[in-house]
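Chains as they are written, first to last, in the working numbering: chain A, 708 to 906; chain B, 708 to 906. Built from N, CA and C at the ideal position, the CB exists for glycine as well. Read the structure below first, then the notes.
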DNA sequence: AAGTAATTAGAATATATATTCTAAAACTAT
DNA sequence: ATAGTTTTAGAATATATATTCTAATTACTT
């Protein structure tokens, strides 16, 4: 049996590079093949279709981010863990810029198209449930509540505001400066103060 | 001369609806034609190409948003004007959901492709300069400074954080609840507090 | 050394969509 | 009423890209 010159991982990596640079719509098989220095045939030898390939790229990025994020929530100092998780967003963006561009500059639907194999759809759903469950559990641990409003505030403080802070730098093709961390931290405290409000 | 059944505006409106629903990449001429209940020929009668049409859609949305936003900065009470501008983001999203989806869920480059007529490129550049100038002038008026750091903080407080707060609702196809306004306001104050820092 | 099976290679094909083109229709002005 | 001009209409064409297909490699196996 002939050994592979292009492994699944190599092709996913090439597709990630192209999609991060030009967006999912611009990530044609031809461009991905050029990026990997491979013929198109070798790509189809490994992936059923372009949609599946881009889907795998997206699933891998989200899985990696989410696993690291959720792991941080397990810290013994709950308050500290919350802030660490919020600050993980800019850090992740600096260290995994391509993946970050994929996830922050595009919609889930730009990757997750109808026509995905069931297995991939299930994995995507699983990721969503897993994140939801982790957030809810953590919210209860931190605030003693897990009602809708408290959850939304926490989600803003730990994910949405950090992502908003980071996005303009990704759009310009750069990475967030240290100032962003201060903004994330300040926002975190301000948002958490709203947590004690009404019922 | 025969009167037009489809005016420029009608076609732009249809293109906006499709692009807001399916993203710029999914906004094919066929779909736009169906949305406007027009033949494809009538679209090409008015717009040189699909790229130009989508570009006009984007330019119109950004121009409208920006004009309203900049007008708010002129309020006599500067502090109040700043907060009003920040809160304008969720308000705009509620009142102009389609335009908001266009601008917040996609990149500028997804609309502004190379191959645009010079006139449109110039208009896009002009918009950028105009926003930059307005922000800088306002920053000076509010804080007494317009250095890079202060500008970044203000931009986060007034635009980026609000957009981050609003995005998840747009992604789900909904609009931001009132809670978002509280988060925007809290973030605004927290970020502004960082303004007094070092040089 | 020859057989074997996975893999590469890229040309050929299919498909989807943008764009062009020709004719008919609908008003206006003379 | 008729000529003139814009606009509609949608079929025909071009183009771009995804996908398939056949042949040639390659290294392991016997």
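Original post:
Between residue 722 (chain A) and residue 764 (chain A), is the Cβ-Cβ spacing less than 8 angstroms?
Top reply: yes
Subject >> Contact check, residue 811 (chain A) vs residue 727 (chain A), beta carbons under 8 angstroms >> reply: no
**OP:** State the Cα-Cα distance for the pair residue 782 (chain A) and residue 845 (chain A), rounded to the nearest angstrom.
**Re:** Each residue's Cα considered, the two are about 10 angstroms apart.
Subject >> alpha helix (DSSP H) segment containing residue 869 (chain B), residue limits >> reply: 868-878
Original post:
Candidates A:859, A:893, A:876: which alpha carbon is nearest residue 886 (chain B)'s?
Top reply: A:859
Original post:
So, is the C-beta of residue 736 (chain B) closer than 8 angstroms to a C-beta in chain A?
Top reply: no
**OP:** For the stretch 870-882 of chain A, enumerate the residues whose C-beta is nearer than 8 angstroms to any C-beta of chain B, in chain order.
**Re:** 870, 871, 872, 874, 875, 878
Original post:
Under 9 angstroms Cβ-Cβ, which residues of chain B neighbour residue 814 (chain A)?
Top reply: 730, 812, 813, 878
Subject >> Own chain, CB closer than 8 angstroms to residue 882 (chain B), minus 5 neighbours either side, in chain order >> reply: 800, 801, 804, 876
**OP:** Kindly list, in the order they appear in chain A, the residues whose Cβ is closer than 7 angstroms to that of residue 886 (chain B).
**Re:** By Cβ distance, chain A contributes 856, 859.
Original post:
If you draw a straight line from the alpha carbon of residue 836 (chain B) to that of residue 712 (chain A), how long is it in whole angstroms?
Top reply: Here the alpha carbon of residue 836 (chain B) sits roughly 49 angstroms from the alpha carbon of residue 712 (chain A).
Original post:
Secondary structure at residue 781 (chain B), three-state DSSP: helix, strand or coil?
Top reply: Of the three classes helix, strand and coil, the one that applies to residue 781 (chain B) here is coil, per DSSP.
Original post:
For residue 774 (chain A), does the three-state DSSP call read helix, strand or coil?
Top reply: helix
**OP:** Report the residue from B:732, B:847, B:741, B:896 whose alpha carbon sits nearest the alpha carbon of residue 813 (chain B).
**Re:** B:732
**OP:** Determine the DSSP secondary structure at residue 796 (chain A), reduced to helix, strand or coil.
**Re:** helix
Original post:
With distances taken between CB atoms, is the gap from residue 753 (chain A) to residue 715 (chain A) smaller than 8 angstroms?
Top reply: yes
Original post:
What separation, rounded to the nearest whole angstrom, lies between the Cα atoms of residue 889 (chain B) and residue 788 (chain B)?
Top reply: When the Cα atoms are used, residue 889 (chain B) and residue 788 (chain B) turn out to be separated by approximately 16 angstroms.
**OP:** On a CA-only basis, which of B:744, B:759, B:751, B:739 is nearest residue 830 (chain B)? Give me that one, please.
**Re:** B:759
Original post:
From what residue to what residue does the alpha helix (DSSP H) around residue 902 (chain B) run?
Top reply: Run containing residue 902 (chain B): none; DSSP gives neither H nor E here.
Subject >> Test item: CB-CB of residue 871 (chain B) and residue 897 (chain A) under 8 angstroms >> reply: No, the Cβ-Cβ distance between residue 871 (chain B) and residue 897 (chain A) is not below 8 angstroms.
**OP:** Taking 8 angstroms as the cut-off, decide whether the C-beta atoms of residue 792 (chain A) and residue 779 (chain A) are in contact.
**Re:** yes
Subject >> Close beta carbons around residue 850 (chain B), own chain, < 6 angstroms, minus the five adjacent residues each side >> reply: If we look at residue 850 (chain B) and ignore the five residues flanking it on each side, its Cβ neighbours are 857, 902.
Original post:
Between residue 906 (chain B) and chain A, is there a C-beta pair that is closer than 8 angstroms?
Top reply: Below a pLDDT of 50, predicted positions are generally treated as unreliable, and residue 906 (chain B), at 46, falls in that range; no measurement from the model is reported.
Original post:
Are the C-beta of residue 894 (chain B) and some C-beta of chain A separated by less than 8 angstroms?
Top reply: yes
**OP:** Could you tell me which chain B residues have their CB closer than 7 angstroms to the CB of residue 771 (chain A), listed as they occur along the chain?
**Re:** For the C-beta of residue 771 (chain A), not a single chain B residue is nearer than 7 angstroms; the gap to the nearest is close to 21 angstroms.
Original post:
Can you list, in chain order, the residues of its chain whose CB lies under 7 angstroms from that of residue 909 (chain A), leaving out five sequence neighbours each side?
Top reply: Lying outside 708 to 906, the shown extent of chain A, residue 909 (chain A) is not represented and no answer is given.
Original post:
Looking only at C-alpha atoms, which of B:751, B:745, B:863 sits nearest to residue 796 (chain B)?
Top reply: Of the residues B:751, B:745, B:863, the one whose Cα lies closest to the Cα of residue 796 (chain B) is B:863.
Subject >> residue 756 (chain B): first and last residue of the uninterrupted alpha helix (DSSP H) it sits in >> reply: From DSSP, residue 756 (chain B) is part of no alpha helix (DSSP H); its letter is neither H nor E.
**OP:** Pick helix, strand or coil for residue 744 (chain B), following the three-state DSSP scheme.
**Re:** It is coil, neither helix nor strand.
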